[in-house]
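Peer 1:
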Amino acid sequence: MPQVIIDGKSYEFEGRPSLLQFCLDHGIELPHFCYHPSMSVPANCRQCLVDIGAPVRDRQTGEIQVNEQGEPVIQYFPKLQTSCSHIVSDGQVVHTARSSGKVKDAQRDTLEFLLINHPLDCPICDQAGHCPLQIQAYKYGPEGSRFEFRKVHKPKKVKLGPRVVLDAERCINCTRCVRFTDEISKSGQLTIIERGVKNYPITPPGVSFDEPYSMNVIDLCPVGALTSVDFRFQARIWEMASTPSITTTNAKGSNCHLWVRDNLVLRITPRANPDVNEFWLPDEDRLAYRRFNEDRPAGPSITAETGAASSSWDASLQRAAEILQRAGENAVFIASAYATVEDNWMLMQLADAVGGQVAGYIPHIDPGHGDGWLCTDDRTPNRQGCERLGIYPIDGTLWRARIESGEVTALYVLEDDPVASGLCSVESLADTEVILHYHHTTNQTLPAACVALPAAMVAETIGTFVNESGRAQRVIPAKAIKGTNRTLMMQMGLSRADRHGTPFDRWHNESHYIDCKPSWEMIPMITRALGTEINPQGPRKIMQHISETNPAFAGATHDAMGLTGIDLCLKESFQPAHLEGTH
Amino acid sequence: MTKAGNWQSYERVLLPPVENLHHLDVYRAHGGYETLKRVLKELEPQEVTAQMKRSGLRGRGGAGFPTGLKWSFMPPVKPDVPRYLCCNADESEPGTFKDRQLMEYNPHLLFEGILIACYAMSLNACYLYVRGEYASWITHLEEELAKMYNANLAGKNMLGTGHCMDIVLHKGAGAYICGEETSLMESLEGKRAYPRIKPPFPAQSGIWGYPTTINNVETLACAPLILGKGADWFAGIGAEKNPGPLLYGISGHVNRPGVYEYPTGMLITDLLEIAGGMRGSKKLKALVPGGASVPVLRADMIEGVTMDVESLREAGSMLGTAGMLFLDEDTDMVAFLRRVAHFYHHESCGQCTPCREGTGWMENLITRIDDGEGNLRDLDLLLDLCDQMEGRTVCALADAAAWPVRNTIKRFREDFERRCRPAVWAVNA
Chain X
1 MPQVIIDGKS YEFEGRPSLL QFCLDHGIEL PHFCYHPSMS VPANCRQCLV DIGAPVRDRQ
61 TGEIQVNEQG EPVIQYFPKL QTSCSHIVSD GQVVHTARSS GKVKDAQRDT LEFLLINHPL
121 DCPICDQAGH CPLQIQAYKY GPEGSRFEFR KVHKPKKVKL GPRVVLDAER CINCTRCVRF
181 TDEISKSGQL TIIERGVKNY PITPPGVSFD EPYSMNVIDL CPVGALTSVD FRFQARIWEM
241 ASTPSITTTN AKGSNCHLWV RDNLVLRITP RANPDVNEFW LPDEDRLAYR RFNEDRPAGP
301 SITAETGAAS SSWDASLQRA AEILQRAGEN AVFIASAYAT VEDNWMLMQL ADAVGGQVAG
361 YIPHIDPGHG DGWLCTDDRT PNRQGCERLG IYPIDGTLWR ARIESGEVTA LYVLEDDPVA
421 SGLCSVESLA DTEVILHYHH TTNQTLPAAC VALPAAMVAE TIGTFVNESG RAQRVIPAKA
481 IKGTNRTLMM QMGLSRADRH GTPFDRWHNE SHYIDCKPSW EMIPMITRAL GTEINPQGPR
541 KIMQHISETN PAFAGATHDA MGLTGIDLCL KESFQPAHLE GTH
Chain E
1001 MTKAGNWQSY ERVLLPPVEN LHHLDVYRAH GGYETLKRVL KELEPQEVTA QMKRSGLRGR
1061 GGAGFPTGLK WSFMPPVKPD VPRYLCCNAD ESEPGTFKDR QLMEYNPHLL FEGILIACYA
1121 MSLNACYLYV RGEYASWITH LEEELAKMYN ANLAGKNMLG TGHCMDIVLH KGAGAYICGE
1181 ETSLMESLEG KRAYPRIKPP FPAQSGIWGY PTTINNVETL ACAPLILGKG ADWFAGIGAE
1241 KNPGPLLYGI SGHVNRPGVY EYPTGMLITD LLEIAGGMRG SKKLKALVPG GASVPVLRAD
1301 MIEGVTMDVE SLREAGSMLG TAGMLFLDED TDMVAFLRRV AHFYHHESCG QCTPCREGTG
1361 WMENLITRID DGEGNLRDLD LLLDLCDQME GRTVCALADA AAWPVRNTIK RFREDFERRC
1421 RPAVWAVNA
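Top line first, the protein sequences correspond to chains X and E. For the first sequence, this note's numbering begins at 1 and goes up steadily by one. For the second sequence, this note's numbering begins at 1001 and goes up steadily by one.
(1) For C45(X), would you say it is in contact with chain E, using Cβ-to-Cβ distances shorter than 8 Å as the test?
(2) I want to verify the contact list: residues of chain E whose CB lies under 8 Å from the CB of A168(X), in sequence order.
(3) Suppose you measure from the CA of G1249(E) to the CA of V1334(E); what does that come to, to the nearest Å?
(4) Report yes if the CB atom of A455(X) is closer than 8 Å to the CB atom of V265(X), and no otherwise.
(5) Rounded to a whole number of angstroms, what is the C-alpha to C-alpha distance between E580(X) and T487(X)?
(6) List in chain order: all unbroken alpha helix (DSSP H) runs of 4+ residues lying wholly within the region 535-569 of chain X.
(7) Taking three-plus beta-carbon pairs below 8 Å as touching, is the region 188-198 of chain X in contact with the region 136-146 of chain X?
(8) Which bits of chain X does R1192(E) rub up against, with CB to CB less than 8 Å?
(9) Do T1321(E) and Y1344(E) count as a contact pair if the criterion is CB distance below 8 Å?
(10) Which residues in chain X sit within 7 Å of C1349(E), going by Cβ to Cβ distance?
(11) What did DSSP end up calling W1208(E) once you bin it into helix, strand or coil?
(12) So, helix, strand or coil for A1223(E), using DSSP?
(13) How long is the line joining the alpha carbons of W507(X) and I6(X), rounded to whole angstroms?
(14) Given a threshold of 16 other Cβ atoms within 10 Å of its Cβ, counted over all protein chains shown, does E305(X) qualify as buried or as exposed?
(15) Measuring straight from C-alpha to C-alpha, what distance separates V88(X) and C177(X)?
(16) Helix, strand or coil, according to DSSP, for P447(X) in the structure here?
(17) Apart from the five residues just before and just after S10(X), which ones in its own chain have a Cβ nearer than 6 Å to its Cβ?
(18) Name the DSSP bridge partner or partners of S1136(E)?
(19) Check the Cβ of V1217(E) against every Cβ in chain X and list those closer than 7 Å, keeping chain order.
(20) Helix or strand or just coil, what does DSSP make of I1237(E)?
(21) Give the interface partners of T110(X) over in chain E, defined as CB-CB distance under 7 Å, in chain order.
(22) Between the region 477-496 of chain X and chain E, which residues of the former have a C-beta closer than 9 Å to a C-beta of the latter?
(23) How big is the Cα-Cα spacing for L30(X) and R1060(E)?
(24) Quick one: any contact between the region 1322-1342 of chain E and the region 108-125 of chain X, if contact means 3 or more CB pairs under 8 Å?
(25) Starting from T397(X), follow the alpha helix (DSSP H) in both directions and report where the run begins and ends.
(26) If we cut at 8 Å on Cβ distances, does I116(X) have a partner in chain E?
(27) Against chain X, does W1361(E) count as a neighbour if the rule is that its beta carbon must be under 8 Å from one of theirs?
(28) Under the rule that 16 or more other beta-carbon atoms within 10 Å means buried, what is M492(X), buried or exposed?
(29) Please check if any C-beta of chain E sits within less than 8 Å of the C-beta of F233(X).
(30) Among T1353(E), E1357(E), I1366(E) and P1354(E), which one has its Cα closest to the Cα of R1338(E)?
(31) Please state whether DSSP places R1298(E) in a helix, a strand or coil.
(32) Just to make sure I have the definition right: I need the residues of chain X whose C-beta is within less than 8 Å of the C-beta of L1381(E). Which are they?
(33) What does V1340(E) touch in chain X if you count any residue whose Cβ is under 8 Å from its own?
(34) Kindly confirm or deny that the region 1131-1151 of chain E and the region 1243-1259 of chain E touch, where touching means at least three C-beta pairs closer than 8 Å.
(35) Tell me the residue span of the alpha helix (DSSP H) that contains R1377(E).
(36) Here's a check: name, in chain order, each residue in its chain whose Cβ is nearer than 6 Å to the Cβ of R1054(E), leaving out the five neighbours to either side.
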C-alpha cells in the first residue's frame, strides 16, 4: 500500500486523497480557512501551506536514489504547497509546522496578513469562542501586530436577505459562501465584488439572498462576517450547551445541534452526517427553534362543567383513565407521526389495555414543498416509524363519519391536532370526550379537549424517529422540563458535548421550565390507574423490545443508533401490499 | 561585436517601414498570407511545431518560455474535445507598450501567426483577448478581421483548404490580473478573474476546461516570420539562446522614447544611445529592463549587459517584456517605488491572502517613508513582507509586487534611509 511520511511518521493511504483532508482524517491538525470537504478547492487563504518533498528517482531505472547513509534523497518543492490542493502520492515526505520552521513561519505570516485588516471586534462578535480565525490566530499566529495604519473599511450590517446579515470588514475572502451558492445550493445568489483588499461577498444588484438554504453560509463562514438575523447578538457561544439532535420539520430527519441557554433553544445548526444531510440544513429547520420556546403550555388541564381549569398531573391522568374506562371498546386512539416510535408503541399498548382501536395517524403532506434535497412533502418526522409499527394513515372519510355519528365516545389524540388537520371539527366533538397530548397552546383541538396533557417535544424527550429513507435516529434531551424524570436527567448529563459538569448547570433559570411530560411517561401512568402495567417501560427498554419483536425495527436499539442513526431494512419488506404507493 | 550582431544594418520585420501595412490589401501586396498558404499546403502540423522549436523562439509575454515546446504540450487530438488557442493581448504591465504597436501597424502579421498556430496545434478557434483600454485598436482589429473573413482568410473552408479557423475578439474590462493566463481564461469564461491553481496547466485544462495554449501577441507575430524565412534565419538573429527580433519599449527620461525593433541581445548602452540618450544630458540612475515588476538595475550595473534572458539574469534582473524604463539622476526612488507599489496594490485581485493584504501594507509603508514619516525599521519590515509574499500565492502577482520593492530598497538603500527618521536621536549635551 502506498505510504506518505508526515512529520517523520509514515501513514498508509488509498486512492488519491487531498493532503489536507488526509491529515485531518488522521488527527494531524493543519490550520485552514477556505477548504471545505464538499466544495471545490480554490486554495486562496494560503493558510494550510506545508513543505512537500518526494524521493528522487533515477530517470532510466526508476529506482529511488539513496545517499551515503542509505537514506532516500528527498527533493522538496521549491515553494511551500497548499495542502488542500495537493494530492498525496506514494513516498512523499511532508513537513507541517510541527517539524518545519519554514512552514511555521509561513502559517504565522499568513495569519498576520489576515489579521491586519480584520476589525478584531471579537468581544462583540457572535463567532468568538468557536471562530476558526480566533482559534488559529492563538495557535499559529503572531504575537501582536506590526501594522500601524488605518484598517480598510467596508460595509457593515448589510442585510443580504431576510435571514443573513453581512459584516464585510470581518470577511477574510475565503469564498466559502460564494462557492456554496454556486456549487451546493446552485442559487448563485452571492458573488465577490470590488477588487483586492476591498473584496467582499454580496448579492448581485436587485437580488435578495433568500434561497431556502441561505443560512448554511453562516456556519460555513470561518469568521463572524455572516450572521443570522435571528441569532445575532443573542448569546455568547460559551453560555450555551449544544446537544446533538435531529430536526422534525419534515421527514428527512436532518441531523442538527440544538443550542440551549436557560432552557431556551436559541438556534439550530447542522450536524454533519454523510448519510443524511451531509453538512447542510434548510432554513426552515433552523427557524423551527422558536417552536420549542413559544406557545408552550403551562401544565395539564381538565375541562369541567365550569370550563377549562388547570389541574395536577395526577388528577388529569386519573381523569383520562376514567374516560377511557367508561368508553371501553368505543375509545378510539389516533397515533402521531410527530411522536416518537416509543410513544406510538405505548399508545398501542394503551389501546390494547382499554380494548379500543388505533385508527391510524394523521398524515401531513404538503405537496410541492419537497425539493429533492433536505425538504420533503411530508411535514412529519416519523411517518415511517408509525408504519413500521403497523399504524397506517387514518381513513379520514370513515372516521369523520364515525365521530360525527357519536359512535366514538372517547378520542385519545397523541401529539397531533385533528381539528386543524381537517379530520373533524370542534362542534362534531361535542359528544366525544377528548384526551389530547399537545405541544402548543395554538392546538385547535384544545377547546374540545376534556383532558389536555402537555407533551414533551423533541428537544425535551428521548426517543426514536425513522426518516423517509428508513433511517432510525435517536434523540436525547437538550433542555429540562419541570417535573422530575430521572431517565431524562441522566440522559441530559450524558448528552453534554464535554461529558463533564453536572446536569444542573445549564437550566438554572426556572422560569423557562415547561410543565410537560414525555408521552412514554404519561401513558403508563394512565394504565396504572386502569390497573394494568405496561412492560417494558422507558424509551431505551421499549426500543430494545421493539427491535427484538418487530422485524421492521431489527437491530434498532438505542446503543446501535448512537448519534448518527442506522439504516433499517427496506420498507417493502414490511409494508402491506394494499398500502403500496401511499408515499 | 555584440550578441545582437550587426544591428546597425538590421532591417525591421515585425514592424517593417511600409505605409498602411495595417490594411489587408497592402499587407497582401507585400506578400502577406503567402506563408500561411504555403504552410497549409506543404507542411504537416507537427512540422510547423518542429520549426518553431528549431527557431529557439521564447515567449515575449514576460516569462520567456520556449514557444515550440509550449505548442508541443497540447495533448493528441480527440474528435469530441474542442481545443483552443488564446492570444494574450491584455498588455498592462507598466512600462510595456509593444503589443499595441503590432496591433496598430501590423495586425495581419498577428492574424497570420494565429492561423499558423491554429494549424500547428490542429485547432480551429482562437480567442484574442485585448485589454479594454485599447478601444481604438480593438475597433481597428475588428475591421481588419471582417475584411479577412470576406477574403476567406479565416472562417469555414478558409482559403479553400477545408480547414475551419475562427478568431474571436474579446475585450477585457481593465484589470491587470487578466493578463495572467489562467485569470484571463476565467475572465473569458465570464467569471471573476481569479487566477487558477496550476496544475492543471492550460494545455490539459484551459478555456472551458479544454486544452488551451496561450501566447503573447509578439510571440504569435513571430510565427509567420519563422515559417516564411526559415527557422535558421530566425535562430541566427540576436542572442544565441534567446534569438529573434524583439520590440524594445523604451520609456522614461530619454530623449526619444518609443518602441524600437532590434535583435535580442542588444547592449543596454546601445539602446540608450538609440533612444537619444538621457534627457537634458543627465546621468542615468536606474533602469527597469523589462516592465515594472522586474528588479531595477543601478546605472553601474548595466555595463556590458545585453537584453537577453541569460545576461540580464546574471546582472540580477530579468528580460520580462523588454519594456525598458530609464530613470535619470534626479529621480526620487522612494516616489518611484511608491507609484509601483500603488499599482500592484490597486491591481491585486484579492484572491490570496498574502497578496491581498501585503500589497496594501507595502504601499502604506512606502507612502509613509515618502511623506517623511517613516522609520528605519520600516525598511526591514518591507523586506520581511517581501519574504512573506513571495512564492506563497496562486499566481505571480505577489512576486511581481515584491520584487521591485525588495530590489529597489536593496539597490538604493541610501535613498530610502535618507528619507526615514533616524533610529537614534542625537542627544543635546
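Don't be surprised by glycine CBs; every beta carbon is placed ideally from N, CA and C. This one's a predicted model, so the numbers in the text were calculated from it and none came from an experiment.
Peer 2: Taking the definition as stated:
(1) Start at 1 with the first residue of the first sequence, and residue 45(X) comes out as number 45. With 8 Å as the cut-off, C45(X) counts as an interface residue toward chain E.
(2) Numbered from 1 along the first sequence, position 168 holds the residue referred to as residue 168(X). By Cβ distance, chain E contributes nothing, its closest Cβ being about 12 Å from A168(X), past 8 Å.
(3) In the second sequence, counting from the first residue as 1, residue 1249(E) sits at position 249. In the second sequence, counting from the first residue as 1, residue 1334(E) sits at position 334. The straight-line gap from Cα to Cα measures roughly 24 Å.
(4) The sequence position of residue 455(X) within the first sequence is 455, counting from 1. The sequence position of residue 265(X) within the first sequence is 265, counting from 1. Against a cut-off of 8 Å, the Cβ pair of V265(X) and A455(X) comes out as no contact.
(5) As a first step, residue 580(X) must be located in the first sequence, where it is residue number 580. As a first step, residue 487(X) must be located in the first sequence, where it is residue number 487. With a pLDDT of 48 at E580(X), under the threshold of 50, the modelled position of that residue is not reliable, and no figure is offered here.
(6) 539-549 and 558-561
(7) no
(8) Within the second sequence, numbered from 1, the residue matching residue 1192(E) stands at position 192. By Cβ distance, chain X contributes T191 and I192.
(9) For the purposes of this step, residue 1344(E) is taken as the residue at position 344 of the second sequence. For the purposes of this step, residue 1321(E) is taken as the residue at position 321 of the second sequence. Contact flag unset, no.
(10) Your numbering for residue 1349(E) matches position 349 in the second sequence. The answer, in chain order, is R195 and G196.
(11) As a position in the second sequence, residue 1208(E) is number 208, starting the count at 1. DSSP places W1208(E) in helix when its eight states are reduced to three.
(12) Walking along the second sequence from the start, residue 1223(E) turns up at place 223. In this structure, A1223(E) counts as helix in the three-state DSSP scheme.
(13) As a first step, residue 507(X) must be located in the first sequence, where it is residue number 507. As a first step, residue 6(X) must be located in the first sequence, where it is residue number 6. A caution first: W507(X) carries a pLDDT of 46, below 50, which makes its placement in the model unreliable, though a value can still be read off. Straight-line Cα distance between these residues: approximately 45 Å.
(14) Indexing the first sequence from 1 puts residue 305(X) at position 305. Classification for E305(X): exposed.
(15) Stepping through the first sequence from its first residue, residue 88(X) is reached at position 88. Stepping through the first sequence from its first residue, residue 177(X) is reached at position 177. V88(X) and C177(X): Cα-Cα distance of roughly 27 Å.
(16) Residue mapping note: residue 447(X) aligns to position 447 of the first sequence, counting from 1. Here P447(X) sits in helix by DSSP.
(17) Residue 10(X) sits at position 10 when you count from the first residue of the first sequence. Here the set comprises Q3.
(18) Here the question's residue 1136(E) lines up with position 136 in the second sequence. In the DSSP output, where bridge partners are listed per residue, S1136(E) has none listed.
(19) Here residue 1217(E) refers to the residue found at position 217 when the second sequence is read from its first residue. Residues of chain X passing the Cβ test: none, with the nearest at roughly 25 Å.
(20) Residue 1237(E) sits at position 237 when you count from the first residue of the second sequence. I1237(E) falls in the coil class under three-state DSSP.
(21) Within the first sequence, residue 110(X) is the residue found at index 110, counting from 1. What T110(X) touches in chain E: T1353 and P1354.
(22) none
(23) As a working mapping, residue 30(X) is identified with position 30 in the first sequence. As a working mapping, residue 1060(E) is identified with position 60 in the second sequence. The straight-line gap from Cα to Cα measures roughly 40 Å.
(24) no
(25) By one-based count along the first sequence, residue 397(X) stands at place 397. Per DSSP, T397(X) belongs to the alpha helix (DSSP H) from G396 to E404.
(26) The residue labelled residue 116(X) in the question sits at position 116 within the first sequence. Cβ-Cβ to chain E under 8 Å: yes for I116(X).
(27) Taking the second sequence and counting its residues from 1, the one referred to as residue 1361(E) is at position 361. Yes, because at least one Cβ of chain X sits closer than 8 Å to the Cβ of W1361(E).
(28) Within the first sequence, numbered from 1, the residue matching residue 492(X) stands at position 492. Classification of M492(X): buried, given that the 10 Å Cβ count is 16 or more.
(29) Counted from its first residue, the first sequence places residue 233(X) at position 233. Judged by the 8 Å Cβ criterion, F233(X) is not in contact with chain E.
(30) In the second sequence, the residue the question calls residue 1338(E) occupies position 338. Comparing Cα positions, the closest option is I1366(E).
(31) Along the second sequence, read from residue 1 onward, the residue named residue 1298(E) stands at position 298. If DSSP states are grouped into helix, strand and coil, R1298(E) belongs with the strands.
(32) Counting from 1 along the second sequence, the entry for residue 1381(E) is found at position 381. Result: R146.
(33) Translated into the one-based positions of the second sequence, residue 1340(E) becomes position 340. Here the premise fails: no neighbours, minimum Cβ distance about 15 Å.
(34) no
(35) Residue 1377(E) sits at position 377 when you count from the first residue of the second sequence. Its alpha helix (DSSP H) spans residues L1376 to M1389.
(36) Here residue 1054(E) refers to the residue found at position 54 when the second sequence is read from its first residue. Excluding positions up to five away in sequence, the list reads A1231.
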